[in-house]
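Using my numbering, read the sequence shown as starting at 10 and increasing by one per residue. Think of the CB as a built atom: it goes at the ideal place given N, C-alpha and C, for glycine as much as any other residue.
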Amino acid sequence: MSNKFHFSLDSTLPIQQYDNVGAYDTLRALMNRGENLTIKFFTSKDNKPCAWIESRYVAGFKYELQDSSLHGLINYLQNGIFVDFDINPTATEPLEANSDFQMEIFKMFVNAGKALQYAPLFRTQPRFLSAMLPLSKGKIIFRVERTDDLLDYLREKKQVII
Numbered sequence: 010m011s012n013k014f015h016f017s018l019d020s021t022l023p024i025q026q027y028d029n030v031g032a033y034d035t036l037r038a039l040m041n042r043g044e045n046l047t048i049k050f051f052t053s054k055d056n057k058p059c060a061w062i063e064s065r066y067v068a069g070f071k072y073e074l075q076d077s078s079l080h081g082l083i084n085y086l087q088n089g090i091f092v093d094f095d096i097n098p099t100a101t102e103p104l105e106a107n108s109d110f111q112m113e114i115f116k117m118f119v120n121a122g123k124a125l126q127y128a129p130l131f132r133t134q135p136r137f138l139s140a141m142l143p144l145s146k147g148k149i150i151f152r153v154e155r156t157d158d159l160l161d162y163l164r165e166k167k168q169v170i171i
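And the structure:
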């Protein structure tokens, strides 16, 4: 009995565009229901600013952000007010090279004087700092690279790091 397999590495599958419209529709449905959201910010492989969004009843999904969608999402988390903020979810732009989107958002809240809750340094991996920002309609979770410069910056900004 002879089995012949034909295998080729030359297959060219079309590159799938991420369904950011579907992601926004899901996010909009969650906000219309008034759900509490858990958000993590990150930079995608194609260097786009993104949020990982999940709720109690919906598993996490990626949502590519623009300025208006970032502001609308944060407004919902802080005030519980939903406004249809993303008229074109596919119009996301890549960040500048070597940008750390999560760190930018983290520092934005620190500079605004928000009181973040930090995991005690002895509990976290030595390379990372974990923090959470509780808001009225959810929370934002951060896991940023831990450096002496960052710890000095946070202490200078009166953040409670122990």
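Going by beta carbon distance, what residues of the same chain come within less than 6 Å of residue i, once the five residues before and after it are set aside?
i, result
"Ala32", "Phe70, Tyr72"
"Met112", "Val153"
"Leu86", "Leu144, Lys146, Gly147"
"Ser139", "Ala128, Thr133, Arg152"
"Leu159", "none"
Going along the chain, which residues of its own chain have a beta-carbon closer than 8 Å to the beta-carbon of residue i, five neighbours each way excluded?
i, result
"Leu39", "Leu46, Ile62, Ser64, Val67"
"Ser78", "Tyr33, Tyr72, Phe94, Asp95, Pro98"
"Met117", "none"
"Asn41", "Phe91"
Relative to the C-alpha of residue i, which candidate in the options has its C-alpha closest?
i, options, result
"Leu82", "Gly43, Ala106, Gln126", "Gly43"
"Gln134", "Asn84, Glu165, Val153, Phe118", "Val153"
"Arg155", "Ile149, Ser145, Pro143, Phe131", "Phe131"
"Ala115", "Met141, Thr101, Ala100", "The question names Ala, but residue 115 is Phe in the sequence shown. Closest by alpha carbon: Met141."
"Thr52", "Glu105, Ala128, Asp158, Phe118", "Glu105"
"Lys123", "Leu163, Pro129, Asp109, Val92", "Leu163"
"Tyr27", "Asp55, Asn120, Ile170", "Asp55"
"Asn120", "His80, Lys166, Asp158", "Lys166"
How close, in whole Å, do the beta carbons of residue i and residue j come, if the pair is a contact with beta carbons under 8 Å?
i, j, result
"Lys57", "Pro103", "5 Å"
"Pro143", "Gln168", "That belief does not hold up - the Cβ atoms of Pro143 and Gln168 are roughly 15 Å apart, past 8 Å."
"Phe110", "Phe151", "About 11 Å; that fails the 8 Å criterion."
"Thr101", "Gln75", "6 Å"
Where does residue i land, buried or exposed, given buried means 16+ other C-beta within 10 angstroms?
i, result
"Gly147", "buried"
"Asp161", "exposed"
"Asn107", "exposed"
"Ile90", "exposed"
"Ile149", "buried"
"Phe137", "exposed"
"Ala60", "buried"
"Val92", "exposed"
"Ile171", "exposed"
"Asn88", "exposed"
"Asn29", "buried"
State yes or no: is the C-beta of residue i nearer than 8 Å to some heavy atom of the ligand FMN?
i, result
"Asp76", "What this structure holds is no ligand at all, so the ligand FMN is not there to describe."
**Asked** Unbroken beta strand (DSSP E) runs of length 3 or more, entirely within the segment 53-80: which are they?
**Response** Complete beta strand (DSSP E) runs here, min 3: 58-64, 70-73.
**Asked** Whole beta strand (DSSP E) runs in the segment 90-157 with 3 or more residues, listed along the chain?
**Response** For the segment 90-157, whole beta strand (DSSP E) runs of length 3 or above, ordered along the chain, are 137-144, 147-154.
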